[in-house]
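>
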Amino acid sequence: MFNIQDTRVFPLLILISISISIFSLISFINAQPNYDYHLCQGQDGDSANANFETDLSSLLDSLSPKTALYKFYNDSFNQIYSLYQCRGDINATTCYDCVKAAAQEIQEQCWFNKTAIIWFDDCMVRYSNKDFFGIPETYTGYLMWNNNNSTESSPRLDVGALALIYELVEKAPNSEMMLATKEGVAMDNSSWNIYGLAQCTGDINNVSCKDCLVKVLKNIEQCCRERLGWRIMSPSCHLRYEQTLFYHQSPANQPMPTSGEKSREDILFKDLKLPTGKTKFREGNMQARGEEDSGEMYYFNLTTILTATNNFSEANKLGQGGFGPVYKGTLPNGKEIAVKRLSAKSGQGIEEFRNEVMVIVKLQHKNLVRLLGCCIEGDEKLLVYEYMANTSLDAFLFDPTKTKQLDWAKRAAIIGGIVRGLLYLHEDSRLKIIHRDLKASNVLLDDEMNPKISDFGTARIFGSNQIEASTNRIVGTFGYMAPEYAMHGHFSVKTDVYSFGVLVLEIMTGQRNNRFGRRENVEDLLSYAWKNWKEGTATNIVDPTLRDDTTSEIMKCIHIGLLCVQEKEVDRPTMASIVLMLNGHSLSLPVPSHPAFFIHNSSQLDMPLGTRLDQFSVDEATITDLHPR
Numbered sequence: 001m002f003n004i005q006d007t008r009v010f011p012l013l014i015l016i017s018i019s020i021s022i023f024s025l026i027s028f029i030n031a032q033p034n035y036d037y038h039l040c041q042g043q044d045g046d047s048a049n050a051n052f053e054t055d056l057s058s059l060l061d062s063l064s065p066k067t068a069l070y071k072f073y074n075d076s077f078n079q080i081y082s083l084y085q086c087r088g089d090i091n092a093t094t095c096y097d098c099v100k101a102a103a104q105e106i107q108e109q110c111w112f113n114k115t116a117i118i119w120f121d122d123c124m125v126r127y128s129n130k131d132f133f134g135i136p137e138t139y140t141g142y143l144m145w146n147n148n149n150s151t152e153s154s155p156r157l158d159v160g161a162l163a164l165i166y167e168l169v170e171k172a173p174n175s176e177m178m179l180a181t182k183e184g185v186a187m188d189n190s191s192w193n194i195y196g197l198a199q200c201t202g203d204i205n206n207v208s209c210k211d212c213l214v215k216v217l218k219n220i221e222q223c224c225r226e227r228l229g230w231r232i233m234s235p236s237c238h239l240r241y242e243q244t245l246f247y248h249q250s251p252a253n254q255p256m257p258t259s260g261e262k263s264r265e266d267i268l269f270k271d272l273k274l275p276t277g278k279t280k281f282r283e284g285n286m287q288a289r290g291e292e293d294s295g296e297m298y299y300f301n302l303t304t305i306l307t308a309t310n311n312f313s314e315a316n317k318l319g320q321g322g323f324g325p326v327y328k329g330t331l332p333n334g335k336e337i338a339v340k341r342l343s344a345k346s347g348q349g350i351e352e353f354r355n356e357v358m359v360i361v362k363l364q365h366k367n368l369v370r371l372l373g374c375c376i377e378g379d380e381k382l383l384v385y386e387y388m389a390n391t392s393l394d395a396f397l398f399d400p401t402k403t404k405q406l407d408w409a410k411r412a413a414i415i416g417g418i419v420r421g422l423l424y425l426h427e428d429s430r431l432k433i434i435h436r437d438l439k440a441s442n443v444l445l446d447d448e449m450n451p452k453i454s455d456f457g458t459a460r461i462f463g464s465n466q467i468e469a470s471t472n473r474i475v476g477t478f479g480y481m482a483p484e485y486a487m488h489g490h491f492s493v494k495t496d497v498y499s500f501g502v503l504v505l506e507i508m509t510g511q512r513n514n515r516f517g518r519r520e521n522v523e524d525l526l527s528y529a530w531k532n533w534k535e536g537t538a539t540n541i542v543d544p545t546l547r548d549d550t551t552s553e554i555m556k557c558i559h560i561g562l563l564c565v566q567e568k569e570v571d572r573p574t575m576a577s578i579v580l581m582l583n584g585h586s587l588s589l590p591v592p593s594h595p596a597f598f599i600h601n602s603s604q605l606d607m608p609l610g611t612r613l614d615q616f617s618v619d620e621a622t623i624t625d626l627h628p629r
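Residue numbering for the sequence shown follows UniProt numbering, starting at 1 and increasing by one per position.
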């Protein structure tokens, strides 16, 4: 069935003619990893390194767990270099299954070889005893095509198809993950849809990527112009063309470039100090492809974390979140850390674990919690943060005793720090980031009570010109959610502004947003604050511990809070405007309109679009946490 012709020693051009019918392809969504081809080279019976096979096995077996975070990853151990590259359109689970199967298969097929590469439909795995990282390999590893030629009723590779392929070659090198997919229509027969995909491996730059794709493209004339479908694979890039849809049309969590130029950099995990814009890891020489990054991060081994946390003892447990439990730990050098441990029962799982790492590693601001590193070994997936001695804001704000420690000066400083952190996320960082779950428990306090925004598992990265986005999966905490997000899935920077407004009112009153218990009838905070504001009795809602402090500044914060929770997004201020409001002593503030969710009485909620309370529901399965933690 396979016709393979070896015309030269590796690297060489290997033409593979595989008889397949496109219409009988198994659905890529449910299929098991599908092996395509492998190349082995460098057999050495004497073996200069007697431990080569053992070290190789350990290295390859360590690859698949990294798919929780990365579609591309490379690593080295004892002078053995390996990498995997998953197709950018597949999810983490498919990537894991493919890399695991490929790592096992390449060991079976090329056990005594010093260099090898294997291709599956969804991934490729490669290793060598020589460092090939960053060196483009553009020779054609194999060609695969449909043996059926085009007919009058089916399109050949016409002008429309060639235009589609050429567009992919131009687009892929400058796109996130160096991946491009496209659907088109054959010009010879407009009833036929055509599909293409181009991708390069994550260790080469965009110039090398385009060079690789151009060279691979030259093979079309000799093999594939009359074919109904084909794929051309090289170690550093590949092209694929079909007349049936073979890729996922909506790749998940692919950040957009922040400018017209290339906005990705390698995240290098090395022991040595690296230039600005790189990330170093404690273990091994690991690389992963990211967008842009700052600061330093480490890869911790599990033994270090177990020792630091006393095997995740209950005595070291700091709390429980939607992600899983959080533990305090102490490293051998005495540095204290906080370790978030992904729970096997977590409703958030691998995607949010990966999202948190990929978002926060790109950020560096004094009012954002610092991610020190992560650990992925076996079933353990851990995030390691700087330790915050005073835990979170809610631990003080809603505690009858501790709340007395939050005088006006401290609360004002906390509000100011949160504003600066959000302003950085929305406008001042190299990426525009929407947090989507700002609340009291996600504001951590250091030993000097400085606030740091945390928990970026549900954050979203926006393109530089992107204003809003939509989702079918609502994540966050009810009570802090803006109405357009809670009911329709629309979110923008104004979504975070709404959450900030709720938080400011909580800080000023010392009460949770879902109840206000100073009167006989318990009400929600926003309704009670609004009614008192309208009646000129806003001082009634102020935390009693603040009654003797600067009334004008406290009233200004309540005013700003109410501006932030207005029903219409356009009426809410930006974080830049809020900075001016807080710092401008003579600045006249706009008059707020009523909050989005305003209770006129105990039985009816006034919600946008006339929605009644009994018609509104939140799918608990898609909510990070329905109650403040």
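Just so it is clear, CB atoms sit at the ideal spot from N, CA and C, and this is done for glycine as well. Here the structure is a predicted model, which means the values were calculated and not measured.
What do you get for Thr495, buried or exposed, if any count of 16 or more other CB atoms within 10 angstroms of its CB means buried?
When all chains shown are included, Thr495 counts as buried.
> Tell me the rounded alpha-carbon separation between Asn532 and Lys366.
Rounded to whole angstroms, Asn532 to Lys366 spans 36 Å at the Cα level.
> In or out: His435 buried (at least 16 other Cβ within 10 Å) or exposed?
Buried is the call here.
> Where do the N-terminal and C-terminal ends of the beta strand (DSSP E) with Val443 fall, by residue?
Segment 443-445, the beta strand (DSSP E) holding Val443.
> Output yes or no for whether 9 Å exceeds the beta carbon distance between Leu580 and Leu505.
Taking 9 Å as the Cβ cut-off, Leu580 and Leu505 do not qualify as a contacting pair.
> What number of angstroms, rounded off, separates the C-alpha of Cys374 from the C-alpha of Cys237?
Their Cα atoms are separated by approximately 29 Å.
> Applying the criterion that 16 or more other CB atoms from any shown protein chain within 10 Å of the CB defines a buried residue, is Ile474 buried or exposed?
Ile474 comes out buried.
> Since Gly324 sits in a beta bridge, which residues does DSSP pair it with?
Answer by DSSP bridge pairing: none, since Gly324 is not bridged.
> Tell me whether Asn442 is buried or exposed, calling it buried when 16 or more other Cβ atoms sit within 10 Å of its Cβ.
Label assigned to Asn442: buried.
> Please check the pair Asn316 and Gly324, which I expect to be a contact at CB under 8 Å, by giving their CB distance rounded to whole angstroms.
About 14 Å separates the two Cβ atoms, so there is no contact after all.
> Can you tell me whether Tyr485 is helix, strand or coil according to DSSP?
Helix, per DSSP.
> Quick check on this structure: which residue in Thr307, Asn540, Ser392, Gln85 has the alpha carbon closest to the alpha carbon of Gly334?
Among Thr307, Asn540, Ser392, Gln85, the Cα nearest to that of Gly334 belongs to Thr307.
> Quick one, are the C-beta atoms of Asn513 and Gly489 less than 9 Å apart?
Not a contact, by the Cβ cut-off of 9 Å.
> Does the beta-carbon distance from Leu445 to Phe491 come in below 9 Å?
For Leu445 and Phe491, no; Cβs fall outside 9 Å.
> Pull up the distance between the alpha-carbon of Leu60 and that of Gln104, whole angstroms please.
So the alpha carbons of these two residues sit roughly 8 Å apart.
> Straight-line CA distance for residue 632 to Lys381?
No answer is possible for residue 632: it lies beyond the span of the chain, which begins at 1 and ends at 629.
> Which runs of the alpha helix (DSSP H) fall wholly inside the stretch 516-600 and span at least 4 residues, in chain order?
The stretch 516-600 contains these whole alpha helix (DSSP H) runs: 525-534, 551-564, 575-583.
> I'd like the list of long-range same chain contacts for Thr403, defined as Cβ closer than 8 Å, with 5 residues on each side in sequence excluded.
Once the five neighbours on either side are set aside, the close Cβ partners of Thr403 are Phe396, Leu397, Gly510, Asp543, Thr545.
> My output table needs one value for Ile376: the three-state DSSP class, helix, strand or coil.
In this structure, Ile376 counts as strand in the three-state DSSP scheme.
> I'd like to confirm the pairing. Which residues does DSSP put opposite Glu336 in its beta bridges?
According to DSSP, Glu336 bridges with Thr330.
> Closest by CA to Pro65, which one among Asp36, Gln79, Lys100?
Closest option to Pro65, Cα to Cα, is Lys100.
> With respect to the alpha helix (DSSP H) encompassing Asn91, which residues constitute its N-terminal and C-terminal limits?
Neither: Asn91 is in no alpha helix (DSSP H) and is coded neither H nor E.
> Compute the distance between the beta-carbons of Asp131 and Tyr81, then report whether it is under 9 Å.
Contact flag set, yes.
> By DSSP, does Gly141 sit in helix, in strand, or in coil?
In the structure shown, Gly141 sits in coil (DSSP, three-state: anything other than H, G, I, E or B).
> Any idea what DSSP makes of Pro400, helix, strand or coil?
Three-state DSSP puts Pro400 in coil, outside helix and strand.
> Between which two residues does the alpha helix (DSSP H) carrying Ala172 extend?
Per DSSP, Ala172 belongs to no alpha helix (DSSP H) and is neither H nor E.
> Please classify Pro136: does DSSP put it in a helix, a strand, or coil?
In the structure shown, Pro136 sits in coil (DSSP, three-state: anything other than H, G, I, E or B).
> How many whole angstroms separate the CB atoms of Thr241 and Gly196, which I take to be in contact at a CB cut-off of 8 Å?
A quick correction: the sequence has Tyr, not Thr, at residue 241. The Cβ separation is near 5 Å, so the contact holds.
> For Arg354, I'd like the list of residues in its chain whose CB is within less than 7 Å of its CB, leaving aside the five on either flank, ordered along the chain.
Closer than 7 Å at the Cβ level, and outside the excluded window around Arg354, lie Ala68, Leu69, Ala92.
> By the 10 Å Cβ neighbour count, where 16 or more other Cβ atoms means buried, how is Tyr37 classified, buried or exposed?
By the neighbour-count rule (16 or more Cβ atoms within 10 Å), Tyr37 is buried.
> The beta strand (DSSP E) that contains Val125, what's its start and end?
Its beta strand (DSSP E) spans residues 123-128.
> Give the secondary structure of Pro65 by DSSP, where H, G and I count as helix, E and B as strand, and everything else as coil.
Helix, per DSSP.
> Less than 9 Å between the C-beta atoms of Val359 and Ile461, yes or no?
Closer than 9 Å, so yes.
> Apart from the five residues just before and just after Leu302, which ones in its own chain have a Cβ nearer than 7 Å to its Cβ?
Same-chain partners within the cutoff: Cys375, Glu377, Glu380.
> Quick check on the burial criterion: 16 or more other C-beta atoms within 10 angstroms. Buried or exposed for Phe112?
Phe112 should be labelled exposed.
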